[in-house]
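> So the number in this note's numbering is just where the residue sits in the sequence shown, counting from 1, plus 987. Take a look at this one; I'll ask things after.
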Amino acid sequence: MFSGSARGMKIGRSIGWIAGVCLDCVRHFVLAVLIFAVSQVPISAFAQQSAPKLIRDAEIEGLMRLYTKPIFQAAGLSPGAVRVYLINDQRINAFVAGGQRIFINTGLLTQAKTPNEVIGVLAHETGHISGGHLARMGQEIDRQSTTVIIGMLLGAAAMAGGVATGEGDAVRAGQGIMGGSGTLAQRLVLNYARAMESSADQAALKFLTATGQSAAGMLTLFQKLANQAIASAQFVDPYVMSHPMPFERIRNLEVAAKASPYFNKKDSPELVMRHQLMQAKLTGFLTPHMVYQRYPTSDSSMPARYARAIVAFRSGDTRNAIPIIDGLIADLPKNPYFWELKGQALLEGGSPGNAIAPLRQAEKLLPSNGLIKIMLAQALIGTETPENAQAAIKTLREAAKTENDVPSVYKLMAMAYGQLGDIPRAELATAESAYLQGDRKLAVEKAQAALKTFKRGSSEWLRANDILNYTRKK
Ligand SMILES: [Zn+2]
């Protein structure tokens, strides 16, 4: 997993334009109003929102792809066109933004009791995409303000979570932001949102039935959310509370869900295990203080050992982590993510050379996974040998096939070229990563340096020229 730890890698993504639809009606309303209000509130008001914390993880993204593939097919969407993003936020939430992008909070994943609950949420969000709700509600936002907009969007998502969990400060901040949007606008958006929510529910039911899956999980998760909203009623706008939509919506959903022949269908034991491993991983990486409470040493299950191994190596105890991971590998030798974790533990423990073999094994089991390749390249570069620097460049080029907008790919490439003494290519790679990170000054400086050294018209020269042009356009 790549997350925001000191020793881990931060991988952010840039997103073009955004409009939002979120999980249940109350939150949907709050988020919708906020986004509706974009044009009416000075953008600088949002500039101080904290940066988005998007998480990248091969295992969890793989699971989301497994869940969404049949649903997207049933919805007539190309599976490659829609992407699921993980947000590091402990509150239950999910929403669609920026066209065909589904955002899902880690809090939803850790609190979902079954894979079927997660699948139900994804089906609902897919309903928003296939229903074209974003196109109708959305607005194109200037690319220049992408970072600000994402910060605002995630700020809004956090605030929506605040409504449900009764976190007063977040809600008050949000109400301050919403102040300028006007009652009429709020009502218009609310009506719109209500219609869209039931339409997304109906679509989700259709997709789940078409793929032979139960809507029971969607129902239980929405029930949980509705109860949360009611429990913290004092924090919610009175107008929202005068429309007790969640329960009405849930009653409708319940009747329709129970009519499906698949309502009582249960998740397979394999899927339940993957779900539990995902939850253990998220707990280990994101809330390590919870690990021994949730997974006491008396628990010898695979998820418990997984979580404890993560906590061990993240706190610097690689020596105790490795035997636990080796035990997991012995139990499931074909699980690429156990090999990946072993590689990460060794890499973060300061043994890049030893990390190579397990990461190669993970790569062998999942040959087209860009994130595993990035980690492998990191281990190769860590050994500081010319052979491995060459191998890292090859690996990073392969990683770029799926992760070409991840700055780390180019940062690592710059390091590898630097180790080989190829300064022009190192500068070009630095220009590339600076461009992706929005560092215009560095991007221009490095692209200009690269332009001077490469032969006019060569592919490197053209790329440096492109970077200069894109940066100037912004
Ligand atoms: Zn929705």
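For every residue, glycine included, the Cβ atom is placed at its ideal position computed from N, Cα and C.
Run the proximity test for residue 1184: is its beta-carbon closer than 6 Å to any non-hydrogen atom belonging to ligand 1?
Checking the Cβ of residue 1184 against ligand 1 gives yes.
> For residue 1299, which of 1328, 1440 and 1457 has the nearest alpha-carbon?
Checked all of 1328, 1440 and 1457; the closest Cα to residue 1299 is 1328.
> Leaving aside the five residues before and after residue 1511 along the sequence, list all residues of the same chain whose C-beta is less than 6 Å from its C-beta, in chain order.
The structure shown has nothing for residue 1511, since the chain only spans 988 to 1461.
> Identify whether residue 1081 lies in helix, strand or coil by the three-state DSSP scheme.
In the structure shown, residue 1081 sits in a strand (DSSP, three-state: E or B).
> So, helix, strand or coil for residue 1071, using DSSP?
In this structure, residue 1071 counts as strand in the three-state DSSP scheme.
> Between residue 1380 and residue 1402, is the Cβ-Cβ spacing less than 7 Å?
Their beta carbons are not under 7 Å apart, which means residue 1380 does not touch residue 1402 by this criterion.
> For residue 1201, count neighbouring Cβ atoms within 10 angstroms of its own Cβ and tell me buried if that reaches 16, exposed if not.
Residue 1201 is buried by the Cβ-count criterion.
> Under 6 Å Cβ to Cβ from residue 1067, same chain only, skipping five residues before and after it: list those, please.
Nothing listed; no residue qualifies.
> What does the alpha-carbon distance come out to for the pair residue 1349 and residue 1182?
Approximately 45 Å between the Cα atoms of the pair.
> Along the chain, which unbroken stretches of the alpha helix (DSSP H) at least 4 residues long are found entirely within the stretch 1295-1343?
For the stretch 1295-1343, whole alpha helix (DSSP H) runs of length 4 or above, ordered along the chain, are 1305-1318 and 1323-1335.
> Report yes if the C-beta distance between residue 1282 and residue 1261 is below 7 Å; otherwise report no.
Not a contact, by the Cβ cut-off of 7 Å.
> Confirm, please, whether the CB-CB distance from residue 1240 to residue 1195 is below 7 Å.
No, the pair does not count as a contact, with Cβ atoms beyond the cut-off.
> Whole-angstrom Cβ separation of residue 1334 and residue 1342, contact assumed at under 8 Å?
The pair is a contact, with the Cβ atoms about 4 Å apart (cut-off 8 Å).
> Once you ignore the five residues that flank residue 1064 on each side, which residues in its own chain have a CB closer than 8 Å to its CB?
Around residue 1064: 1087, 1113, 1116 and 1117.
> Comparing C-alpha positions only, which one of 1315, 1046 and 1270 sits nearest to residue 1359?
The shortest C-alpha separation from residue 1359 is found at 1046.
> Report back the beta-carbon spacing between residue 1376 and residue 1406 to the nearest angstrom; my notes put them in contact at under 8 Å.
Indeed, because the Cβ distance is near 4 Å, the residues count as touching under 8 Å.
> Distance check for residue 1264 and residue 1255, CA to CA, integer angstroms please.
Near 14 Å, if we compare the C-alpha coordinates of residue 1264 and residue 1255.
> Going along the chain, which residues of its own chain have a beta-carbon closer than 6 Å to the beta-carbon of residue 1308, five neighbours each way excluded?
Cβ neighbours of residue 1308 beyond the five flanking positions: 1296, 1299, 1300 and 1332.
> Only counting the same chain, and skipping five residues up and downstream in sequence, which positions put a Cβ closer than 7 Å to that of residue 1175?
For residue 1175, the pLDDT reaches just 40, beneath the cut-off of 50, and the residue's location in the model is therefore unreliable, although a value from the coordinates is still provided. Excluding sequence neighbours, residue 1175 sits near nothing in its chain.
> If we call anything under 7 Å between Cβ atoms a contact, is residue 1323 one with residue 1366?
No, they are not a contact pair.
> Determine the burial state of residue 1280: buried for a count of at least 16 other Cβ atoms within 10 Å of its Cβ, exposed for fewer.
Exposed is the call here.
> With distances taken from CA atoms, which of 1083, 1049, 1094 and 1062 is nearest residue 1274?
It is 1094 whose Cα lies nearest to the Cα of residue 1274.
> To the nearest angstrom, how far is it from the Cα of residue 1109 to the Cα of residue 1315?
Rounded to whole angstroms, residue 1109 to residue 1315 spans 30 Å at the Cα level.
> For residue 1291, which residues of its own chain have a beta-carbon under 6 Å away from its beta-carbon, when the five flanking residues on both sides are left out?
Result list for residue 1291: 1282, in chain order.
> By the DSSP assignment, the alpha helix (DSSP H) with residue 1443 in it spans what residues?
Run containing residue 1443: none; DSSP gives neither H nor E here.
> Give me the residue from 1289, 1258 and 1197 with the minimum Cα distance to residue 1250.
It is 1197 whose Cα lies nearest to the Cα of residue 1250.
> Going straight from the alpha carbon of residue 1104 to that of residue 1096, what length do you get?
Computed Cα separation, rounded: 9 Å.
> For residue 1151 and residue 1418, I'd like the C-alpha separation in whole angstroms.
Unreliable positioning characterises residue 1151 in this predicted model, as indicated by a pLDDT of 30, which lies under 50. A coordinate reading is not provided.
> Please return the same chain residues whose Cβ sits closer than 7 Å to the Cβ of residue 1203, not counting the five positions on each side in sequence.
The answer, listed in chain order, is 1103, 1244 and 1250.
> Tell me whether residue 1187, by its Cβ, gets closer than 6 Å to a heavy atom of ligand 1.
Yes, the beta carbon of residue 1187 sits closer than 6 Å to at least one heavy atom of ligand 1.
> From 1390, 1427 and 1438, pick the residue whose C-alpha is nearest to that of residue 1410; which is it?
That would be 1438, whose Cα lies nearest to the Cα of residue 1410.
> Quick check on DSSP: helix, strand or coil for residue 1092?
Correct three-state label for residue 1092: strand.
> Rounded to a whole number of angstroms, what is the C-alpha to C-alpha distance between residue 1140 and residue 1412?
The predicted position of residue 1140 is uncertain, since its pLDDT is 49 and thus under 50; a value taken from the coordinates is nonetheless stated next. If you take the alpha carbons of residue 1140 and residue 1412, they lie about 36 Å apart.
> Taking residue 1336 and residue 1305 to be in contact with their CB atoms under 8 Å, please state how far apart those CB atoms are, rounded to whole angstroms.
Contact holds; Cβ gap of about 3 Å.
> Below 7 Å CB to CB, which residues in the same chain sit around residue 1053 once its five sequence neighbours on both sides are set aside?
Correct list: empty, nothing qualifies.
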